[in-house]
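Please read the structure below before turning to the comments.
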Amino acid sequence: MDEKAAASELMQMVNGYQVSQAICVAATLGVADHLANGPRTSDDLAAATSSHPQSFYRLLRALASVGVLHEGDARQFSLTSLGAGLRSDAEHSVGAWARMVGRAYYRDAWSELLHSVRTGENAFAHVHGTGVWQYRIEHPEESLIFDRAMSSFVPAVAAAVLAAYDFSRFEILMDVGGGQGALLAAILARNPSQRGILFDQPQVVEGAGPVLQAASVAERCQVIGGDFFRAVPEGADAHVLKWILHDWDDERSIAILKSCRRAIRPGGRLVVLDAVLAPPNEGARAKFADLNMLAVPGGQERTEDEFAGLFAASGFRLTNIVDAGPRISLIEGKPI
Ligand code: SAH
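Residue 234 in full-length UniProt numbering is what sits at position 234 of the sequence shown, and the numbering runs on without skipping anything.
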């Protein structure tokens, strides 16, 4: 690549936050859902989304310039295959995630990435004076937007996870930090004789009822609120932890795993679902997720060796790693 082309590519990367925020605003306004039934004019959409017509048009034409929308004659816009990914009914929908990422409180943490890089401290706490989980407790609207974003990944992730790993051999499966239960519901629905325990913070599991009922598994699933640093419920022979350990540093992660170790049945299995970092120069998604963990919750993504170290420090032996997609591997451990 010559110098001019390299500079142009670099400039695009540097300004990537502008593209990101424009997509997030469109997602917040529900533009993709409004276009689900076909093209509409910018003015029509502006009215439907209570937006300022000329500014809204400027948003749409910018998004069309990067292929998220298509601009036809007379300010008519339609969805491209990229933009269709923002529809709330898309199987791999990115819309709920975009609505979360665009929130000011979230961006503010990323604005202080420099602080994390210089000090090793969590940018979110530096900006907001409290950790992200406490912040969300104090801002229920943000908690809701976050929970929806996490749940929106579940259909695609559950399909990949169920294809990659056999959960049918477990009698009682517990999802530790299982959010509103969407993953657990998908696994239980697949295995009709299995029982489940959904465990998360009390204010999060409060919203689990409809999710479990929709999958017709509510009567086989106990819902328990609590704090995984103190204890997790006993009785399960498999403990699933999806996108949990990456939220925490090693010390806190070991504390969570020790809670699992105390509660897991002998002969049970720990199944951690997280990214496994790729060798140098590969795996951008997990490596940027790792920066996201540094800036927002104050955690990290890990290598295979790092997972083995966490397991060993908390009474588990890493027995198997199964790759189930870009940011999902199943890292299995046995109690020792
Ligand atoms: N496993 C879910 C949610 C991951 S987000 C999924 O992959 O979609 C991390 C989860 O950890 C959140 O639901 C959050 O409420 C939960 N969590 C954070 N601190 C916790 C604590 N101290 N005890 C129990 N759950 C906690």
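By construction, the Cβ of each residue, glycine as well, lies at the ideal position given by its N, Cα and C atoms.
Since valine 296 and alanine 109 are thought to touch, with beta carbons under 8 Å apart, how far apart are those beta carbons, to the nearest angstrom?
Cβ atoms of valine 296 and alanine 109 come within 8 Å of each other, at about 5 Å.
Residues in the same chain with beta-carbon distance under 7 Å from glutamine 21, minus the five sequence neighbours each way, listed in chain order, please.
Closer than 7 Å at Cβ, skipping near neighbours: Gly102.
Taking C-beta to C-beta, are leucine 69 and phenylalanine 56 nearer than 7 Å?
Going by C-beta atoms, leucine 69 is not nearer than 7 Å to phenylalanine 56.
I want to check one thing, is the minimum distance from the CB of aspartate 73 to the heavy atoms of ligand 1 below 6 Å?
No, ligand 1 has no heavy atom inside 6 Å of this Cβ.
Contact under 7 Å by Cβ, arginine 99 with isoleucine 145
Going by C-beta atoms, arginine 99 is nearer than 7 Å to isoleucine 145.
Rounded to whole angstroms, how far is the Cβ of proline 86 from the Cβ of glycine 72, which I believe are closer than 8 Å?
Per the sequence shown, the amino acid found at residue 86 is leucine instead of proline. Incorrect: roughly 19 Å between the Cβ atoms, too far for contact.
Go ahead and label methionine 174 buried or exposed: buried means 16 or more other beta carbons lie within 10 angstroms of its beta carbon, across all protein chains shown.
Buried, because 16 or more other Cβ atoms sit within 10 Å of the Cβ of methionine 174.
Glycine 196 to glycine 226 span [Cα, whole Å]
Rounded to the nearest angstrom, the two C-alpha atoms are 16 Å apart.
Which value, in whole angstroms, describes the spacing of the CA atoms of threonine 28 and arginine 75?
Rounded to the nearest angstrom, the gap between the Cα atoms of threonine 28 and arginine 75 is 21 Å.
Could you compute how far the alpha carbon of isoleucine 23 sits from the alpha carbon of arginine 61?
Rounded to the nearest angstrom, the two C-alpha atoms are 12 Å apart.
What's the C-alpha gap between alanine 263 and arginine 136?
Rounded to the nearest angstrom, the gap between the Cα atoms of alanine 263 and arginine 136 is 28 Å.
Member of Ala156, Leu59, Trp248 and Val217 whose CA lies at the smallest distance from the CA of glycine 131:
Comparing Cα-Cα distances from glycine 131 to each of Ala156, Leu59, Trp248 and Val217, the minimum goes to Trp248.
When you compare the CB positions of valine 276 and leucine 330, do they come within less than 7 Å of one another, or not?
No, the Cβ-Cβ distance between valine 276 and leucine 330 is not below 7 Å.
Whole-angstrom distance between glycine 315 and isoleucine 321, CA atom to CA atom
The C-alpha of isoleucine 321 lies about 18 Å from the C-alpha of glycine 315.
Using CA coordinates, which residue listed in Ser65, Ser88, Ile328 and Val31 is at the minimum distance from residue 365?
Past the edges of the chain, shown from 1 to 336, lies residue 365, and the structure says nothing about it.
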